[in-house]
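Visitor: Just so you know, we're using our numbering here: the sequence shown kicks off at 260 and counts up by one. Every residue gets a Cβ at the ideal spot worked out from N, C-alpha and C, and that includes glycine. The structure under discussion is supplied below as structure tokens; questions concerning it will follow.
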Amino acid sequence: MSCDQDAETRHILDCFRDRLKRLVQDRIKAKFREEGNISAAALLIDEIIHSKNCAQGWSRELITALETVGCKHAAKYVLNSPPEPTEETENDSCVRLIDLLQLTLVNMKTADVCAHCRALGLLTLEDQENILKLTENQGNIGGARLLLKRLVKNEAGWFSKFLQALEDTEHHELVRELRGEPCNEDEAMSAETVEEGEQSCSETMPVLPPVLSANSSLLSEDLDSSVDSSGLGACADNEEVDMYKEGEEEDLTEDDDPSEERKRDIVLRDYQMEVARPALEEKNIIICLPTGSGKTRVAVYITKEHLERRRQMGQPGKVVVLVNKVPLVEQHYKAEFGRFLKHQYSVERVSGASQLKISFPQIIEQNDIIICTAQILENSLVKAKNGDEDGIKLSQFTLMVIDECHHTKKGGVYNHIMIRYLKQKHQNQLLKKQEKSPVALPQILGLTASPGVGGAMSQQRAEEHILQICANLDAFTIKTKTFEEEEAKTPYKRIARAEERKEDPFGDVIKKIMDEIHEHADLKPLCEPGTQNYEQWVVQKEQNAAKEENQKVRVCAEHLRQYNEALHQSNTIRMSDAFRFLDKYHNEELKTKSSPDEEGTVTITDTERFLFTLFKDNKAKLQELMGKPQYENNNLAQLKTNILKEFSTRESARGIIFTRTRLSAIALCQWIQENPKFDEVGVSASYLIGGGDQSVVKPMTAAEQKDVLNKFRDGQINLLIATTVAEEGLDIAECNFVIRYCLVTNEIAMIQARGRGRAEDSSYTLVAEAGSGVAERESVNEYREKMMSKAIAKVCKMNRADYEKKIREFQMQAIMEEKVKIKKKQQKGMMKEPPSKISLSCRQCIVFVCSGEDIEKIENMHHVNVTPQFSKLFTVRENASLQERLLDYETNGVIACKNCGQVRADFSSSLQINTVCITAEHNIGLGDSEETNC
């Protein structure tokens, strides 16, 4: 083309800018990731129009490029050959029609329709391949959405061909709906009846004929704004990633039911609207409301308003909802965000338990709302900082919802994310001073029932703690509400004190064993065995002994930990449970010292022989004492009295018992199930424990937790014995009694646990032994709760200037502390040591395992050893409690040292390769300059 023609093309592009940017919007990926498709297409057009360095003939190249990628319709506009106004209006009507009926159309047989559309020239070969691939990976609906998105890019005349494709694939109902014909064509109706039918149909659902006149009431005066606010626009640019369909019931046809539409309407109460107001004004806030008062529902409403506002402004919106527990991901999706918003926006959830089919950045790119664990987001932010293409940036989000935001404190993953936010905010202020464009940051919405006081002993410290949380979340304010109706629902609280144990011969035998171990290892404990202070002391002794290669003290300290746990169990559950725990531990330890099926002989040291003999000599006495019920602790009797009272005096009792350890939760459940008295009053019990593999007890899988909670909601289970995993966040059915059994932590946990008693006339009971100090610590928590309420009220009433000054001070302090921390990490001696100077040895027998040069990393997190020399040092054993399968690897066993039998690491299969994942727990890392746990 000549220079004149190039200039003319520039003018044409400018004239048809609004329409062109929609026809080619999804072709520019880089801009899309930052600001969305519309902005990306607009950027391309701007660059072309204002560029002064284009070679002669560039306009011909542009047209060829548009035709090649299937944008023939856009190419005609560039050639200044747009369709006739009537034809253009008709085409716009068809696009709008597809938009309006998308929820019905996505139920088509995608693969069949796709093949016919390809044969009719509506799709390119690349389009067909992409649609089929998406259908295979994400399901029929995902593929259908992409197909519809591609169809409307065609030049005028595509609609009739699409109808033909639907007819050929026997989608007769869809064709009739698109043509606006009656649903039942077999009925013989007069013209008057047909008109009445069409009129009544239009009242419930907009129906457009294939061809509409320019003055049709369904045509927007401003077509661009109409397309901007359409559902297809949102779904087309963010194809639904349906990766978790297994076990999930979704019925998209329910959209046609007006009652279902009403159920999805979000109606806030006055107090909820009041706390939401600053967030609706695009301010960062913390919402602090009691458990059960609808914090998450408020967040859903704010999310909906945020996305709608940005859509109306023609700006992209992207919301990430962060949670701190894997079960909360699914819960927030099904009960809140997915339930109310998935029919209008694309909502997806991701956690470490997900069997991902595509990368996290793709999920972010293709969805409007993403619910994920905070660690998933943090991992991707780290990747972006390191230049990894799989990384993402905070600037890709426009709203970040942080659930249980009181965890945004030093060392927590929430705080790691927010430190990045604060550093960028500070950097933005410098950019503005330099008259440069700042980097976009998301609006922050924090949710909590109890921010706590952070261990404060004075009102001033409590206020500083609240201000620190506000600073960490960059909150404009913290919104809360004290209202009488909620106070009326507060459970009745009582403390049930059990009499002190007069005799404890079972515990005396265990203490006698522990004293002999102390003497053997020359250890002098500073606190009473059976307490948490003793536990901390003996753990420190074990760690120090491991570093010093003092195997005598290390092994003795390890056994002392088990006896201390048994003492705690004998004080809270049955003596028989404590004995079984000790017996199982010693049997498993003895098993590691013998390898009848393996080559080689495992070494038993004199200290180990002494410890095994000591337990064996006292085993018979412990068995004898555990069979005498008069020596059982009184806590169990008090707990039994309370449970029987709740189930005897209530018409329909449902409750939760919170206990400290997984072992006690399982043992209490067994005790209840074995006692006929509980069965007589209708108790049906089960336990709920955490999913982390950090205990001697096999963790519950997410599926097992879900099954228990579902049974509890349905009433199949009416008594749940749970660890603290059930205190925060989990959607547990309303209970009419909550019992904390010999368990007191902090004011946050107390408020969270008490909040589980949401039913009318509910009770909250603390069962504790008199003189144990548990009841006294509960009183301290009650005092701290009052301090917290006063502190929040004081912060809310602060002068704005004083508040912002305090927030800035705390934020600058946090940024400086982070910089110092990074600097120290960079200067750390071990970081500078070459791998060859670092060696790992077995924690048990100090046998050399490998050097730092032998360690490789998988996915930048799993430290593995694949050298053939290493395989000669261990044997592989099955470990049922460890078996776990993820997408890219599976843990299916453990390896044990051939010399001492000590479990040394996890044995994994990753990408068809067997690897050994080194764990710090069972190995010692040694460097030339210093010694440390590895």
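Does the pairing of the region 969-986 with the region 915-923 give three or more beta-carbon distances under 8 Å?
Guide: Touching, yes.
Visitor: Tell me where the beta strand (DSSP E) around T918 begins and ends.
Guide: Here T918 belongs to no beta strand (DSSP E), and DSSP marks it neither H nor E.
Visitor: Between the region 844-851 and the region 898-911, can you find at least three pairs of beta-carbon atoms closer than 8 Å?
Guide: With a cut-off of 8 Å, the region 844-851 and the region 898-911 do not count as touching, because too few Cβ pairs lie within range.
Visitor: Decide if E533 is buried, meaning its Cβ has at least 16 other Cβ atoms within 10 Å, or exposed.
Guide: Exposed: under 16 other Cβ atoms inside 10 Å.
Visitor: Run through DSSP, which three-state label would E457 get?
Guide: Here the model assigns E457 a pLDDT of 35, short of 50, so the residue's position is not dependable, and the following value carries that caveat. E457: helix per DSSP, three-state reduction.
Visitor: Around the C-beta of H565, are 16 or more other C-beta atoms found within 10 angstroms, so that it is buried, or is it exposed?
Guide: Buried.
Visitor: What span of residues does the alpha helix (DSSP H) with V812 cover, start to end?
Guide: 810-831 is the span of the alpha helix (DSSP H), which, as asked, contains V812.
Visitor: Counting along the chain, where does the beta strand (DSSP E) carrying M659 start and finish?
Guide: Where M659 is concerned, the enclosing beta strand (DSSP E) stretches over 658-661.
Visitor: Let me know if A757 comes out buried or exposed under the rule of 16 or more other beta-carbons within 10 Å of its beta-carbon.
Guide: Under this definition A757 is a buried residue.
Visitor: Is G401 buried or exposed, if buried means 16 or more other CB atoms sit within 10 Å of its CB?
Guide: By the neighbour-count rule (16 or more Cβ atoms within 10 Å), G401 is buried.
Visitor: Relative to the C-alpha of D966, which candidate in E694, T739, L947 has its C-alpha closest?
Guide: Ranking E694, T739, L947 by Cα distance to D966 puts L947 first.
Visitor: For the structure I just gave you, are there three or more beta carbon pairs, one from the region 632-643 and one from the region 539-548, closer than 8 Å?
Guide: The region 632-643, when compared against the region 539-548, does not touch it at the 8 Å Cβ threshold.
Visitor: Report the rounded CA-to-CA distance for N809 versus K852, giving the unit in angstroms.
Guide: Approximately 19 Å, taken between the alpha carbons.
Visitor: Given a threshold of 16 other Cβ atoms within 10 Å of its Cβ, counted over all protein chains shown, does R409 qualify as buried or as exposed?
Guide: By the neighbour-count rule (16 or more Cβ atoms within 10 Å), R409 is buried.
Visitor: Assuming contact is defined by CB atoms lying nearer than 7 Å, are V956 and L922 in contact in what I supplied?
Guide: Yes, the Cβ-Cβ distance between V956 and L922 is below 7 Å.
Visitor: Taking a contact to mean a Cβ-Cβ separation below 7 Å, would you say A816 touches I769 in this structure?
Guide: No, Cβ-Cβ distance for A816 and I769 is not below 7 Å.
Visitor: Can the beta-carbon of K738 be found closer than 7 Å to that of I546?
Guide: For K738 and I546, yes; Cβs fall inside 7 Å.
Visitor: Would you say C376 lies against chain B (beta-carbon separation less than 7 Å)?
Guide: Looking for chain B here will not work: only one protein chain is present.
Visitor: Between the region 868-880 and the region 772-785, can you find at least three pairs of beta-carbon atoms closer than 8 Å?
Guide: Yes: the two stretches touch, three or more of their Cβ pairs being nearer than 8 Å.
Visitor: Leaving aside the five residues before and after K691 along the sequence, list all residues of the same chain whose C-beta is less than 8 Å from its C-beta, in chain order.
Guide: These residues qualify, in order along the chain: P697.
Visitor: What does T632 pair with, by DSSP beta-bridge criteria?
Guide: Looking at the DSSP assignment, T632 forms a beta bridge with V582.
Visitor: Nearest CA to the CA of L407: which residue from Q655, F996, A370, E1028?
Guide: Among Q655, F996, A370, E1028, the Cα nearest to that of L407 belongs to A370.
Visitor: If you run the structure through DSSP and keep just helix, strand and coil, what is N1124?
Guide: Correct three-state label for N1124: strand.
Visitor: What are the boundary residues of the alpha helix (DSSP H) that Y793 is part of?
Guide: 791-806 is the extent of the alpha helix (DSSP H) around Y793.
Visitor: I'd like to know whether the C-beta atoms of Q361 and C373 end up nearer to each other than 7 Å.
Guide: Not a contact, by the Cβ cut-off of 7 Å.
Visitor: Nearest CA to the CA of E432: which residue from E395, L364, M885?
Guide: Measuring from the Cα of E432, the nearest candidate turns out to be L364.
Visitor: For M773, I'd like the list of residues in its chain whose CB is within less than 7 Å of its CB, leaving aside the five on either flank, ordered along the chain.
Guide: For M773, where only same-chain residues beyond five positions count, the Cβ hits under 7 Å are P788, L819, Y822.
Visitor: Under 6 Å Cβ to Cβ from L527, same chain only, skipping five residues before and after it: list those, please.
Guide: Closer than 6 Å at Cβ, skipping near neighbours: Y560.
Visitor: Within 10 Å of its beta-carbon, does S618 have 16 or more other beta-carbons around it, so buried, or fewer, so exposed?
Guide: S618 comes out exposed.
Visitor: Nearest to C631 by alpha carbon, out of D529, Y592, D649?
Guide: Nearest C-alpha to C631: Y592.
Visitor: Using three-state DSSP, classify S945 as helix, strand or coil.
Guide: Residue state, collapsed to three classes: strand.
Visitor: Quick check: the region 879-886 against the region 788-804, are at least 3 beta-carbon pairs closer than 8 Å?
Guide: Too few Cβ pairs lie closer than 8 Å, so no.
Visitor: Quick one: what does DSSP say F765 is sitting in, helix, strand or coil?
Guide: F765: helix per DSSP, three-state reduction.
Visitor: Helix, strand or coil for C928, going by three-state DSSP, please let me know.
Guide: It is helical.
Visitor: List the endpoints of the continuous beta strand (DSSP E) containing S1100.
Guide: First-last of the beta strand (DSSP E) with S1100: 1098-1101.
Visitor: Are A961 and V585 closer than 7 Å when you measure CB to CB?
Guide: Yes, the Cβ-Cβ distance between A961 and V585 is below 7 Å.
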